[in-house]
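Let me begin by presenting the structure, written as C-alpha cells, before commenting on it.
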Amino acid sequence: MLKEYTIGIDDTDSNYGMCTTYLATLIVDLLERIGVDFLDFPRLVRLNPNIPYKTRGNGAVSIKFITEEKKIKEIWRESIKLVETYSDIDETNTDPGIVLQSGKPDPRLQQIYQEALYSVIKIETIKEILNKDFNGEYFHIKEGRGLIGASAAIGTDLQSDYTFEFIAYRDPNIKVSKRLIDEESVILADESTALSFGNYDYIHNQLMITPHGPDPVYVGIRGENARSVIDMWCKIKILEKINTIMLFRSNQHTQPHFPKEFNGKEIKPHFSVKVRGTVNSDPYLINGGHVLFPLISDGKSINCAAYEPTKIFRHFVRELTTGDELMVYGGVRPASDEYPITINLEHFEVLKLKKIISRIPVKCPQCNGSLKSLGMNQGFRCKRCKNTLKEKDFGYQLKKRGLRTGVRYTIPICAQRHLTKPLSRDVTLQFHKMSKKPFESEFREFLINRNDLIEKSKI
Ligand code: ATP
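Dropping the structure here:
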C-alpha cells in the first residue's frame with residue numbers, strides 16, 4: 015500500500031564541516047535508489063535566526079514523499095545510518111535529530127514550525143510531542159536538540175510565499191574556506207537573470223553566493239522559481255570540481271519570523287521581535303562603528319542597535335530623531351556587562367516622522383560664522399564678526415528629513431540573514447510568474463536533468 019511520509023533532519027553540522035542540506039541530499043539519493051515518488055522539492059527551512067546554538071543560518075530540511083509501506087523500514091534504517099555516518103558528532107555543539115512522520119504532518123508540528131520561527135523552544139516540549147500519539151519515529155544522537163528543527167521542518171507549509179535555492183557541493187573533505195569561481199561571470203549572469211536575487215552586493219562589491227566556511231557548499235543560488243536558479247547555475251563559470259547538486263524550496267527571504275508584535279515589556283532574549291515605539295533620544299555612534307538609540311515602547315526603554323556589519327543601513331538609523339514613531343524588527347540580544355537587552359535591528363519602518371522646526375538663517379548672514387545665543391529671546395551674536403541678530407530677524411522652516419514614512423529601511427544584502435526579505439523581492443514579486451506545474455513534477459524534472467547539470471560544471 016502507498017503511503018505519504020516526511021523526513022525531517024537538523025543539527026548534523028558544526029563550525030568545522032558538514033552541512034545539513036548535504037546530508038539531506040544524500041537522503042534524497044537514497045530515496046531515489048530505493049524508489050519513492052517525491053511530493054515536493056526538499057524543503058530548506060530557516061528558523062529563528064537568533065538561536066544561540068545555531069552553527070550558521072539555523073537551517074533544517076524536510077523531504078516529503080510517497081512510497082509503499084513495506085519500504086519504509088529500510089528507508090528509516092538507511093537514513094539513520096547516513097545521519098550516524100556523516101554528522102560531525104565529535105563537535106560538542108552538534109546534536110543531530112531525525113524525525114519520520116507517517117501520513118500528513120501532525121498539527122502539533124505545524125504549530126511548532128510557527129513558533130520556532132521567532133521564539134525559543136525547549137527540547138522537552140518536542141520530546142513530549144514525539145512520545146505521545148505521534149504517528150512516526152524519531153532518532154537522535156546525544157541530547158538530540160536537532161529534533162526541534164527536524165520537527166519544525168516537517169511542520170512547515172510553504173504555502174503562501176517561498177523561494178528556491180540551488181546548492182552545488184564540493185567534496186566534503188575539502189575544508190579550505192576559499193571557493194574558486196569566476197566572479198565576473200556571476201555578475202553577468204545576475205544581470206541577465208531577473209528572478210534570481212542576492213547573488214552580488216553591488217553597494218559593497220561582495221560576491222554573495224559562496225560561503226566562507228569549511229562546509230561542502232560550493233555555491234548557493236537563490237531565486238523566485240526553480241528555473242531562475244538553474245539558469246544562473248548554467249551561466250556561471252565554475253572553477254572547482256563539483257561533487258553533487260540539489261534544488262530546495264524554502265522559506266528563505268520571505269520574512270516569516272516577525273509574526274507577532276511585542277511591546278517593550280514582553281521582549282525576551284533570543285526572540286525575533288517586531289516592536290512599535292518612539293525614539294527616545296537621537297541615535298549615536300559608539301566605538302566599533304555601531305549606532306545605538308533607545309526606543310520607548312509601552313513605557314519601557316529598549317536599546318536598539320545597528321551594528322557595524324549593517325554598513326549603509328546605519329546611515330538611515332542616524333537620520334532618526336527623538337520623537338520619531340517606528341516599528342522596529344530584529345533579534346533580541348541578552349543584556350551583557352556593558353549593554354542592556356538590545357534589539358539587533360534587521361529593519362525599521364517609520365510610522366510618523368517628528369516635525370523639526372529650524373531657525374533661518376542658521377549662520378551669520380554677514381560672514382557665515384556660527385551664531386551664539388544670547389539667552390532666551392535675547393537674540394544671537396556671531397562668534398566671528400560679532401554681528402548681532404534679534405529674534406525678529408529670524409524666520410522658521412520645517413527641517414527636511416532624510417527618511418520617509420511608508421518605506422521599509424532594511425539591512426544591505428551583505429548583512430542579510432537567510433530570512434530577511436530583500437527589497438528587490440518587493441519588486442520582482444509583482445511580475446513573479448508562478449510555474450503552473452506541480453512541485454512534484456518540477457522536482458522530478460530536476461532529478462532527470464541532474465547529471466547534465468553536474469556535467470556542465472566539469473572543469
Ligand atoms: P546550518 O545552517 O549550517 O545547517 P545551523 O545554523 O542550522 O547550521 P544547527 O547546527 O542546525 O545550526 O543548530 C541549530 C540548533 O537549534 C538545532 O539543534 C535546532 O534544532 C535548534 N533550533 C532551531 N530553532 C530553534 C528554536 N526556535 N528554539 C530552540 N531550538 C531551535
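Residue numbers for the sequence shown follow my numbering, beginning at 15 and rising by one. Think of the CB as a built atom: it goes at the ideal place given N, C-alpha and C, for glycine as much as any other residue.
In the DSSP secondary-structure assignment, D24 is bridged to G111. Residue environment: P379 is assigned as exposed (fewer than 16 neighbouring CB atoms within 10 Å of its CB, all protein chains considered). In this structure, G345 has its beta carbon at no less than 8 Å from each heavy atom of the ligand ATP.
Under the three-state reduction of DSSP output, Y36 falls in the helix class. The closest heavy atom of the ligand ATP lies less than 8 Å from the beta carbon of R159.
Its chain contains V293, S295, D296 as the residues whose beta carbon lies nearer than 6 Å to that of T336, once the 5 sequence neighbours on both sides are disregarded; these appear in chain order. In the DSSP assignment, the residues bridged to P308 are N317. The alpha carbon of F55 has as its nearest neighbour, out of P323, Y183, R458, the alpha carbon of R458. Checking the DSSP bridge columns, you'll see Q220 partnered with D215. Here C381 has R398, C399 as same chain residues with Cβ atoms under 6 Å from its own Cβ, once five neighbours each way along the sequence are excluded.
Looking at the DSSP output, D104 sits in no beta bridge, so it has no partner there.
As summarised for the region 374 to 402, the continuous beta strand (DSSP E) elements at least 3 residues long and confined to that stretch are 385 to 387, 394 to 396, given in chain order. Separation of A167 and G420 (C-alpha to C-alpha, rounded to the nearest whole angstrom) is 33 Å. Between the C-alpha atoms of I126 and A319 there is a straight-line separation of about 29 Å.
Shortest gap from the CB of S133 to any heavy atom of the ligand ATP: under 8 Å. Under the Cβ criterion (8 Å, minimum of three pairs), the region 59 to 68 does not count as touching the region 464 to 471.
Selection K435, E454, E469 evaluated against T177 yields K435 as nearest (Cα-Cα).
Taking one beta carbon from each stretch, the region 125 to 143 and the region 161 to 175 have 3 or more pairs nearer than 8 Å; the two touch.
Minimum Cα-Cα distance from V243 among the listed residues D338, T34, M260 corresponds to M260. Spanning the alpha carbons of I256 and E469 requires a straight line of approximately 9 Å. Taking 8 Å as the cut-off, the C-beta of L61 counts as close to a heavy atom of the ligand ATP. Of the residues Q266, Y232, D43, I316, the one whose Cα lies closest to the Cα of I250 is Y232.
As DSSP reads the structure, L412 sits in a beta bridge with I371.
The nearest non-hydrogen atom of the ligand ATP is 8 Å or more from the C-beta of A203. Taking the Cα positions, R263 is about 37 Å away from S311.
In the structure shown, Y232 falls within a strand segment according to DSSP collapsed to helix, strand and coil. Judged by DSSP in its simplified three-state form, N277 adopts coil rather than helix or strand. For K68, the shortest separation between its Cβ and any heavy atom of the ligand ATP lies below 8 Å.
Contact check for I326 and I217: beta-carbon distance about 6 Å, within the 8 Å limit, so the pair qualifies. Taking the C-beta atoms as reference points, V97 is found nearer than 9 Å to F153. Annotation: R418 is outside any beta strand (DSSP E) and is labelled neither H nor E by DSSP. When DSSP states are grouped into helix, strand and coil, I135 belongs to the coil group.
The Cβ atoms of I21 and L131 do not sit closer than 9 Å to each other.
Distances between the C-beta of G163 and the heavy atoms of the ligand ATP include at least one below 8 Å.
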